[in-house]
Every structure is written in structure tokens, then in C-alpha cells.
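Asker: Residue numbers (our numbering): 316 to 629.
All residues carry an ideal CB built from backbone N, CA and C; glycine is no exception.
Quantities reported herein were computed from a predicted structural model and do not represent experimental measurements.
Below is a structure I'd like to ask you about.
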Ligand SMILES: [Fe+2]
């Protein structure tokens with residue numbers, strides 16, 4: 316059997332070599348603890364996906380057998396998330412796909428269909444935010460997109476902790492529609508998946524979120540090419556293992572309530588580095604370097620204030 320997590324965010328603090336090294340060490344440890352054969356690294360397009368993938372790859376500990384599959388969680392003009400990946404780092408040469416808000420959902424689908432080195436996944440379509448297809452399209456369009464791209468993220472754990480909290484507080488019957496959306500994000504109903512090739516990921520942003528993964532029922536192998544082929548071909552039975560111990564519930568809840576709003580602010584205020592700024596209006600394009608400069612100044616000021624006691628002792 317092969318164990319593959321098809322949706323992981325390294326979520327690195329790339330401005331700090333120390334913080335990056337510390338986090339990548341923990342991520343690799345989590346991969347080893349859960350015996351993952353491969354992980355699709357799908358960092359958000361607005362969080363330097365190329366640098367994040369390479370930083371993680373560079374920090375691979377000696378003897379680790381987990382393979383990294385290069386990918387990105389692309390962001391369409393409408394704000395929809397779509398995972399795009401490739402066998403090698405070819406995806407990292409596709410500047411239009413890597414640029415947030417550059418392509419519309421339809422343009423992105425056509426782009427993937429026309430390039431046989433790219434693979435696209437209908438990603439958490441029922442998540443209740445701008446990033447889910449359901450906020451912009453109907454269920455029929457979701458079905459059609461699965462048929463076109465072939466791959467569908469049937470299992471996604473990004474709202475697992477909310478579902479559990481709702482169940483424990485008895486809220487599932489008070490707000491049934493919200494609860495149903497959590498369930499549909501965690502597992503898309505079979506009638507919508509159809510003949511789509513099933514993917515399943517933790518959507519982890521932190522090491523403690525890593526664990527749940529897709530299982531492909533084939534004889535085990537360590538060879539990357541064979542693992543990748545097993546992932547993209549619909550030849551073998553697939554299941555999804557939920558690995559979420561109770562002790563991570565509070566941790567996941569707290570960190571998600573920090574990470575998610577920060578990501579929304581980053582997107583809304585365009586506080587990210589991009590390869591192509593043409594998606595911004597002319598005036599916003601002029602202000603982009605200033606915004607990035609102010610952001611860096613803010614981080615440095617916070618670090619300066621936080622380290623005052625330490626520096627005083629020295
Ligand atoms: Fe994600």
C-alpha cells in the first residue's frame with residue numbers, strides 16, 4: 316500500500332532562515348512519523364510556493380524516503396483554489412499559474428487541459444469561503460470540472476476541528492447547513508465525485524495537522540516514478556485514513572483561527588510577492604513595493620520590541 320498526502324502547505328516563514336529550518340525539521344519528522352511515501356506540496360500561490368518547495372526539499376534529512384511532489388494551490392481571478400501539480404518542477408515554470416488572480420477558473424482549466432505535463436485537482440469545492448467552487452458555481456459545474464480535470468480532492472481535513480466542535484456542542488442540528496458543508500468538505504458525496512480520480516489531503520499548515528492521508532492499495536514501492544504513476548492512474552482501489560488524535564484538536568483550532576485570518580488579510584490587501592503584477596490596477600501596482608516595504612518594517616519593529624528584554628540582559 317502507498318500512503319500519500321495530496322495537500323500540504325509548508326507555511327514557512329521564509330524571511331527567517333532559523334524559523335524556516337526549525338519548521339522544515341518538524342515537517343519532515345511528521346512525514347516520517349506517519350510513514351508517508353509521498354506528499355504533494357501545494358503551497359498557496361500567494362505564499363511563495365517555489366521557494367517553499369525548494370526550502371523543504373533542501374532540508375530533507377539523510378535517509379528520509381518520503382518523496383515530494385511539486386505543486387501549487389493556484390488562486391483564480393474569482394478567488395477559487397485549484398491544486399496544480401506536475402511530475403517534476405515543470406509547474407514552477409508556469410508563471411501565469413503561479414501568479415495569484417491572473418487566470419479565471421475557466422482559463423486555468425483550459426490551460427491545464429492543453430498541457431499534458433500539468434495535472435489539476437478540483438480542490439475542496441464545498442468549503443464555505445471564496446476559495447470553494449460552490450461560492451461561484453453550481454453543483455453541475457463542479458461535476459463538469461471533475462470530468463474535465465479528472466482529479467478531485469474527495470477528502471480534505473481543513474474543517475475537521477470545526478465539525479468535531481459542532482458535534483460536541485450539539486450545534487450540528489442548530490445550524491444544519493453549515494454542518495453539512497463541513498461534512499461535504501471532509502468527504503464529497505460519491506454522486507458528485509463520479510468517475511473522478513480520488514485525492515485526499517490533510518490541508519496541513521502546521522506539523523501537528525499532518526497525518527491523514529490517501530491510501531492506494533498497490534504493492535509498496537520506494538520508486539518515485541511508480542508512486543507518481545499510481546497516483547495519477549485510476550487503476551487501484553483508494554481509501555482515506557483520518558489520523559487526528561484528540562490531543563491536536565485544541566492546537567488545530569487555535570492555530571487555524573490565527574493562520575486563516577492572516578491568509579485572508581494577505582490576499583485582501585495583496586500583501587504578497589508575485590511574478591506578475593498585471594492583475595493589480597495601475598495605482599495599486601505603484602503602491603505594491605511600498606506595501607511590501609511597510610510590511611517588512613513592521614516585522615522588523617516587532618522583532619526589535621520583542622527582543623528588548625533579551626538584548627538588555629546581554
Ligand atoms: Fe490548502
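Using a Cβ-Cβ cut-off of 6 Å (strictly less than) and excluding sequence neighbours within five positions of residue 497, which residues of its own chain qualify?
Answerer: Beyond the five residues adjoining it in sequence on each side, residue 497 comes within less than 6 Å, by CB distance, of 474, 477, 478 in the same chain, given in chain order.
Asker: Determine the burial state of residue 409: buried for a count of at least 16 other Cβ atoms within 10 Å of its Cβ, exposed for fewer.
Answerer: buried
Asker: Measure the alpha-carbon distance for residue 371 versus residue 539 and round it to whole angstroms.
Answerer: Distance between the alpha carbons of residue 371 and residue 539: 17 Å.
Asker: Terminal residues of the continuous beta strand (DSSP E) containing residue 554?
Answerer: 553-556
Asker: List, from N- to C-terminal side, the alpha helix (DSSP H) runs of 4 residues or more that fit wholly inside the stretch 390-420.
Answerer: 410-413
Asker: Nearest by alpha-carbon distance to residue 378: which of 366, 352, 368 is it?
Answerer: 352
Asker: With distances taken from CA atoms, which of 359, 411, 541 is nearest residue 398?
Answerer: 359
Asker: State the Cα-Cα distance for the pair residue 611 and residue 550, rounded to the nearest angstrom.
Answerer: 49 Å
Asker: Within this structure, are the beta carbons of residue 435 and residue 464 separated by less than 7 Å?
Answerer: yes
Asker: Is any non-hydrogen atom of ligand 1 found closer than 6 Å to the C-beta of residue 468, if you look at the structure I gave you?
Answerer: no
Asker: Since residue 529 is in the beta strand (DSSP E), which residue starts that stretch and which ends it?
Answerer: 528-531
Asker: Contact between the stretch 526-535 and the stretch 487-504 is defined here as three or more beta-carbon pairs at a separation below 8 Å; is this criterion met?
Answerer: no
Asker: CB of residue 578 to nearest heavy atom of ligand 1: below 6 Å?
Answerer: In this structure, the C-beta of residue 578 stays at least 6 Å away from each heavy atom of ligand 1.
Asker: Report the start-end ranges of each beta strand (DSSP E) in the stretch 489-534 that is 3 residues or longer and not cut off at the edges.
Answerer: Complete beta strand (DSSP E) runs here, min 3: 512-516, 528-531.
Asker: Is it a yes or a no for the stretch 390-397 touching the stretch 409-426, going by three-plus beta-carbon pairs under 8 Å?
Answerer: yes
Asker: If we count the other Cβ atoms within 10 Å of its Cβ and call it buried at 16 or more, is residue 623 buried or exposed?
Answerer: exposed
Asker: Starting from residue 481, trace the alpha helix (DSSP H) both ways and give me its first and last residue.
Answerer: 475-483
Asker: Rank 443, 480, 428 by C-alpha distance to the C-alpha of residue 466 and give the top, closest one.
Answerer: 428
Asker: State the CB to CB distance for the pair residue 469 and residue 441, rounded to an integer number of angstroms; the pair is presumed to be in contact (CB under 8 Å).
Answerer: About 11 Å; that fails the 8 Å criterion.
Asker: Secondary structure at residue 469, three-state DSSP: helix, strand or coil?
Answerer: strand
Asker: Buried or exposed: which applies to residue 640, given that a residue is buried once 16 or more other Cβ atoms fall within 10 Å of its Cβ?
Answerer: Residue 640 lies beyond the residue range present for the chain, which begins at 316 and ends at 629; the question has no answer from this structure.
Asker: Got a sec: does ligand 1 put a non-hydrogen atom nearer than 6 Å to the Cβ of residue 388?
Answerer: Indeed, a heavy atom of ligand 1 lies less than 6 Å from the Cβ.
Asker: Just to check, is the beta-carbon of residue 320 closer than 6 Å to a non-hydrogen atom of ligand 1?
Answerer: no
Asker: Can we say the stretch 386-394 touches the stretch 438-455, given the rule of at least three CB pairs closer than 8 Å?
Answerer: yes
Asker: Give the range of the alpha helix (DSSP H) segment to which residue 628 is assigned.
Answerer: 623-628
Asker: Once DSSP output is grouped into helix, strand and coil, what is the label at residue 348?
Answerer: helix
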